[in-house]
Structures are given as structure tokens and as C-alpha cells.
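In what follows, a single structure is set out as C-alpha cells and then discussed.
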Amino acid sequence: MSLPSQQTNTRQQWDIFCVVVDNYGDIGVTWRLAKQLAAEYSIEVNLWIDDLNSFSHILARLNPELARQQFDGVNIFHWKAENLTHFSIGNVLIEAFACEIPSQIIESIVKLKQLTPSKVPIWLNLEYLSAEDWVEGCHGLPSFQACGLQKFFYLPGFTSKTGGLICEKNLFVERDAWQADHTNKMRLFQQLGLTGIKPEHQVISVFSYETPALLSLITYWQTCKSNIHVLIPKGKSLNSITSLLPCEIADLIVGQQISLGNVTLHVLPMTDQQGYDRLLWSCDFNIVRGEDSFLRAQWAAKPFIWHIYPQEDDYHLIKLQAFMQIYCDNLAPDLAKNWCELNLAFNQGNQITVANHWQRLDFTNLSFAQHVKKWPITAINDADLASRLVQFVKNS
Amino acid sequence: MKTAHEIRPGNVIMLDGSPWVVQKTETTRSGRNAAIVKLKLKNLLLDSGTEQTFKGEDKLEDIILERLDCTYSYFADPMYVFMDEEYNQYDVEADNLGDAAAYIVDGMEDQCQVTFYNGKAISVELPVHIVREVIYTEPSARGDTSGKVMKPATITGGGTVTVADFVKVGDKIEIDTRTGEFKKRV
């Protein structure tokens with residue numbers, strides 16, 4: 001590890017540390033943020049990840065065996081103690097989702113503070129996204145650490161008093177262009193090896209945790225008259241519907257189709273983040289989980305169910321309610337009620353009511369369709385997370 | 001050292017070389033059950049205030065200052081007056097009680113701890129669990145007995161606590177003064 005060099009280069013260096021806990025959520029958010037900071041703000045971003053294997057599922061070009069590599073202008077480091085010798089103190093240090101920055105780094109910054117206080121980097125704890133009220137009161141607050149350094153809590157959120165939401169500058173323009181031409185989605189389905197889908201068919205993507213509600217929904221869809229295609233990657237969702245599968249999950253192959261009357265299940269190949277965005281833009285309805293895909297479903301301007309990460313004492317339902325309240329703020333009461341009940345039933349794994357709520361919610365309703373399109377603009381609130389973060393650092 | 005999660009109003013902690021009395025704590029849950037603790041603090045040397053946020057497991061240096069067991073005596077705006085067993089009286093600024101002020105009621109017998117800094121009473125810690133009577137709450141709407149459906153209730157002294165739906169006016173309830181959470185009906 002080294003202290004900052006004396007060169008007069010004005011390009012900022014930010015280091016983002018991320019511990020992979022649940023495969024794609026934490027890494028998904030930090031990778032998107034790192035790419036955006038590099039691309040839109042010309043910041044030299046070092047992304048330190050402790051699990052490159054999981055990362056390689058959403059970045060296929062990544063070699064999990066390499067300790068250091070670069071993609072999309074971002075330096076990616078395998079975060080292991082021995083690799084910290086590559087670390088040099090930059091301008092900003094971000095611990096994503098409350099992970100612990102290595103003590104060696106903290107010690108070197110404490111030493112730097114004694115020698116050159118003006119060179120001490122801004123230290124941020126980038127927290128999880130929540131729509132709860134308390135976020136406004138905690139966002140940006142200092143946190144004086146026992147080591148003598150100051151850290152700041154940076155909390156993403158949906159209001160102007162929070163840290164904002166990750167969204168690339170041109171995302172909505174690209175999405176609108178994509179959705180304006182229906183051949184795009186058909187071409188994408190073809191590229192993904194999803195055959196038999198016609199433009200008039202209903203297509204639903206599923207990326208959830210395990211829940212009996214999913215089995216209930218698919219069983220209900222089987223009774224519908226229209227053709228429904230359900231796109232499911234290998235993973236937790238499939239564990240919920242083993243009774244519908246013709247074989248063991250391990251024996252399923254990507255691209256495999258399972259016909260269940262008018263419902264066709266497609267085993268979806270893994271894709272990168274851009275590919276996943278396009279998939280969400282192309283489906284009629286999306287079931288998403290966690291934080292990263294939850295936001296991308298909103299940006300897709302399509303109706304969705306959010307399967308939120310389960311917490312002790314059902315605390316996740318409070319977070320779900322907080323989001324549903326602001327999401328439905330400008331929605332007609334009957335539509336809001338049905339959409340909320342559907343999301344709640346899905347998250348409670350309520351097999352009996354989830355299908356009833358699905359049946360009651362008319363996704364083709366014009367005001368609902370308008371709402372899902374308007375919502376991203378409302379939610380962004382004039383500034384995305386990266387731009388607010390850059391401003392926060394500038395002001396700190 | 002205490003974790004931020006263990007810090008209570010009335011504690012005094014050292015931050016950046018200064019003693020700060022904790023006036024208010026607010027614990028919230030982030031993702032994956034991680035706690036975020038927001039502290040409202042008053043600098044005992046400069047009389048200035050700040051708000052800081054910590055992870056629940058962050059270690060904070062709490063200072064052991066002189067403390068005395070006392071009981072609440074009376075309120076002489078803006079001071080709360082406490083008395084020790086030798087009938088000595090100590091004035092504590094209302095501001096320094098923070099959220100604990102909501103649990104102070106005339107005639108309360110709870111054993112409190114008054115903390116002193118340089119001979120001056122600076123804060124009061126209430127017992128972790130106190131019992132108060134519910135003086136107003138809406139009737140149970142759904143007959144829920146699981147304790148998961150919650151509603152607001154006003155307690156003696158005027159404070160508000162979120163209680164289980166089955167709690168009625170006149171019930172005595174146990175409250176955790178660290179978090180302000182309803183624990184059970186007594």
C-alpha cells in the first residue's frame with residue numbers, strides 16, 4: 001500500500017469495496033455505479049470485489065483467476081489481503097452495503113491524516129436502498145470513527161433529500177428507442193434462444209427468491225386463455241416450481257422449454273446487465289428481486305412485482321409498504337390497492353390470494369400503463385445517484 | 001467501549017477528543033438486518049450539538065462519569081429535578097433528557113441514574129424497562145392477537161408508543177426506553 005503520489009494529475013481516484021453476499025445484488029449495484037462514474041465523470045474507479053466467480057456471471061468477460069483486470073474503464077481487483085499491496089490512497093473510499101474496509105487501509109489513512117490532513121480521502125458507507133422515511137434523516141450524516149477518521153453515511157432513496165437512485169444518463173432515451181420498435185424484443189428473444197414467442201403473446205420475466213406464491217401464479221396462468229411465456233433463469237425461482245418441472249433442476253438446460261398448457265416456461269440464459277435491462281424492457285411484466293433488478297424493473301416502465309430480500313420479523317414488509325406508498329401516490333385508488341395487494345401476497349408467499357390479486361389487476365389499464373411510464377421520471381427527482389454522489393463529495 | 005446499538009440516551013461518549021452526551025437514539029434497519037443507529041449528541045465542553053450515524057456494531061468509547069441513583073421529583077421549567085436518597089436535589093435540563101422526557105411522569109417511582117460531569121448533573125438514564133398506562137388508543141380493528149398488527153397509543157405523560165393491536169385503554173404496558181418499543185402488556 002502506498003500514500004498518494006505527488007503528481008499533479010487532477011483526475012480523481014475512487015475506490016469501491018464490495019463483499020458479495022447474495023450473488024448479484026451488491027455486485028450488480030456497485031458494478032453499475034463504477035461503470036457510470038468512469039464513463040460519465042471520467043473518474044478512475046477501482047472496484048474491489050471479494051468474489052470474482054459470482055461477478056463473472058454478470059460480466060462474462062471477467063476472468064475469476066486474475067487479481068487485476070479492466071473493463072469499461074473500471075479497474076477490477078480481487079479483494080484479498082495480499083492484493084492490497086496494489087492499493088494507493090485516492091480521493092474517495094466507498095464501503096458498499098456496510099462492508100468493512102480492510103484495517104490496513106484504515107491504518108494507512110490514519111497515518112496520512114497525521115502527515116497531510118488535506119489528502120485524507122472522503123470515506124463513505126453506501127447503504128441499501130429504502131423508501132422509508134428515516135432515510136432522509138440519516139442520509140449524509142457524519143460518523144466519527146474510533147480511529148479518528150470521519151465517515152459519511154450515504155443513503156440512496158426516492159426523494160430529493162436522499163442519495164438518489166442509480167440510473168445512467170441516457171438510459172431512458174435508449175429504453176424508449178428500444179420499446180418504440182417491436183422488432184427489437186423479438187430479435188432479443190431469438191438471440192436468447194427463446195423460440196415460439198409471437199408478438200401478441202404475453203411474456204413475463206421471473207427473477208425471484210423462493211416462494212410458493214410463484215407456483216400459485218404459474219398454476220393460475222395455466223388456466224388463462226392467452227399464451228403466456230415465463231422466462232426463468234436457473235436459480236432460486238425454479239426451486240419454487242419443482243412440481244411443474246419434468247426433471248431435476250440440475251438437468252435443465254438453458255433454452256429448454258416446458259409446456260404447461262398455454263404457459264411455456266423458458267430456461268433463460270444468464271446475461272450481462274445491459275442484456276437484462278433489455279429483457280425487462282421487452283417483457284410485459286417483470287418479477288424481480290433484491291435491489292438492483294428492482295430498480296431496473298422500474299426503469300423498464302413496465303408493471304412488476306418486487307420480491308424484497310426477506311428480513312427478520314418480517315421487517316422487509318415495512319420496507320415494501322414504504323415503497324408501495326410512494327409508488328402509488330399518483331395512482332388511482334383501485335389500481336393502487338390491487339397492485340399493493342398483489343405485491344404483498346407475493347412477498348408473504350400467500351398461495352391462496354396471490355392469483356386472485358393477479359386476476360383483479362388490469363395491467364392493460366391505460367392509467368396504469370401511463371403510471372409505469374411516468375414513475376421513473378418522478379423517482380429520479382432531477383438527479384441520479386452518481387451525480388448526487390459526485391456533488392456530495394465536492395461539497396464535503 | 002459499547003456498540004452503537006447499546007448506546008442509550010444519557011450515556012456520555014468520547015468523539016474526536018470531546019465528551020458528548022447522548023440526547024436521543026434512533027435505531028433503524030438497513031438491508032440484511034443490519035442496524036443503523038442515529039445519535040443526537042451535545043458537546044459537554046462547547047455546548048454545541050450534532051447528529052451522527054453509526055452502524056449498529058460500531059464501537060464507541062463511553063465515559064464512566066459519576067452517577068447517582070435518584071428518583072424524579074418535579075418539573076421546574078426548563079429543568080427536571082431529581083432527588084437522591086439523602087434528599088439532595090439535582091437539576092437536569094429538559095433538552096438533555098431527549099426522548100426520555102416522554103416517560104417522565106409525576107409520582108413515578110422508577111429508579112433513574114443521574115450522571116454528573118464536572119460536578120454538574122448533565123443527563124438521566126431511565127431503567128431499560130418501564131411500565132406505563134395507556135390513556136388513549138383506537139379500539140382493535142381486526143381482533144388481531146398475533147401482536148404483528150400495530151397502532152399508536154398515548155401513555156401517561158403524553159408520549160406515544162406503537163403498540164400491538166390488542167392493547168386497550170387502561171392497559172399497563174412495558175416499554176424499552178432504549179428504543180421506545182412496546183415490549184408486552186403487563
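The listed protein sequences derive, respectively, from chains A and B.
So for the first sequence, UniProt numbering puts the first residue at 1; every next one is plus one.
So for the second sequence, UniProt numbering puts the first residue at 1; every next one is plus one.
We put the CB at the ideal spot given by N, CA and C, even for glycine.
This one's a predicted model, so the numbers in the text were calculated from it and none came from an experiment.
Residues of the stretch 28-58 of chain B with a Cβ closer than 8 Å to any Cβ of chain A, in chain order: Thr28, Arg29, Ser30, Gly31, Arg32, Asn33, Ala34, Ile36, Lys38, Thr50, Glu51, Gln52, Thr53, Phe54, Lys55, Asp58. Non-local C-beta neighbours of A:Lys161 in its own chain, meaning closer than 8 Å and more than five positions away in sequence, comprise Glu136, His139, ordered along the chain.
Every beta strand (DSSP E) stretch that sits fully inside the stretch 83-162 of chain A and reaches 3 residues is listed by chain position as 92-96, 122-126, 142-144, 150-154. Per the Cβ contact rule, the stretch 205-212 of chain A is not in contact with the stretch 324-335 of chain A (fewer than 3 Cβ pairs under 8 Å). With a contact defined as Cβ atoms closer than 8 Å, B:Val124 and B:Gly10 qualify at about 6 Å. Using a C-beta cut-off of 8 Å, the stretch 103-115 of chain B makes contact with the stretch 66-81 of chain B, since at least three inter-stretch Cβ pairs fall below that distance. Of A:Gln325, A:Ile377, A:Ile228, the smallest CA-CA separation from A:Gly261 is found for A:Ile228. Proximity of the stretch 118-136 of chain A to the stretch 309-325 of chain A meets the contact definition, three or more beta-carbon pairs being nearer than 8 Å.
Here A:Arg11 carries a coil assignment [DSSP, helix/strand/coil]. For A:Met324, the number of other beta carbons within 10 angstroms of its own is at least 16, and it is reported as buried. Rounded to whole angstroms, the Cβ separation of B:Val12 and B:Asp62 is 7 Å, and the two are in contact under 8 Å. Within chain B, the residues whose beta carbon sits less than 7 Å from that of A:Gly137 are Lys38, listed in sequence order.
DSSP, read as helix, strand or coil, puts B:Thr3 in strand.
Nearest C-alpha to B:Thr160 among B:Glu181, B:Lys59, B:Met83, B:Leu65: B:Glu181. When the Cα atoms are used, B:Met83 and B:Gln89 turn out to be separated by approximately 4 Å. Residue contact with chain A for B:Asp16: present (Cβ-Cβ distance below 8 Å to some residue of chain A). Only exposed fits A:Ala250, as fewer than 16 other CB atoms lie within 10 angstroms of its CB.
Between the stretch 19-35 of chain B and the stretch 348-366 of chain A, the count of Cβ pairs shorter than 8 Å is below three; the stretches do not touch. Note on the stretch 215-299 of chain A: whole alpha helix (DSSP H) runs with a minimum of 4 residues are 236-239, 273-282, 292-299, in chain order. For A:Ala336, the enclosing alpha helix (DSSP H) starts and ends at 333-347.
Around the CB of A:Cys147, fewer than 16 other CB atoms lie within 10 Å, so the residue is classed as exposed. The CB of B:Glu61 comes closer than 8 Å to the CB of Ala146 in chain A, given here in chain order.
Its chain contains Leu165, Cys167 as the residues whose beta carbon lies nearer than 7 Å to that of A:Ile380, once the 5 sequence neighbours on both sides are disregarded; these appear in chain order.
Secondary structure at B:Lys59: strand, using DSSP grouped into helix, strand and coil. No Cβ-Cβ contact shorter than 8 Å links A:Leu238 with A:Cys283. Between A:Ile101 and A:Phe17 a beta carbon distance of about 6 Å is seen, short of the 8 Å cut, so the two are scored as contacting.
Not a single CB atom of chain B sits nearer than 8 Å to the CB of A:Ser54. The Cβ atoms of B:Thr3 and B:Glu57 sit closer than 8 Å to each other.
In terms of CA proximity to A:Ser259, A:Pro246 leads the group A:Pro246, A:Trp14, A:Arg11.
By the C-beta density criterion, A:Gln36 is buried, having at least 16 other C-beta atoms within 10 angstroms.
Assigned with DSSP and collapsed to three states, B:Trp20 falls in strand.
Each residue's CA atom was taken as its position, placing A:Ala67 and A:Asp133 some 41 Å apart. The stretch 33-99 of chain B is shown to contain whole beta strand (DSSP E) runs of 3 or more residues at 35-43, 49-55, 59-62, 66-76, 79-83, 89-93, in chain order. Under the DSSP assignment, A:Asp51 falls outside any beta strand (DSSP E); it carries neither an H nor an E label. Here A:Tyr24 carries a coil assignment [DSSP, helix/strand/coil]. Chain-ordered, the chain B residues with CB closer than 7 Å to the CB of A:Ala98 read Ser30, Ala34, Lys55.
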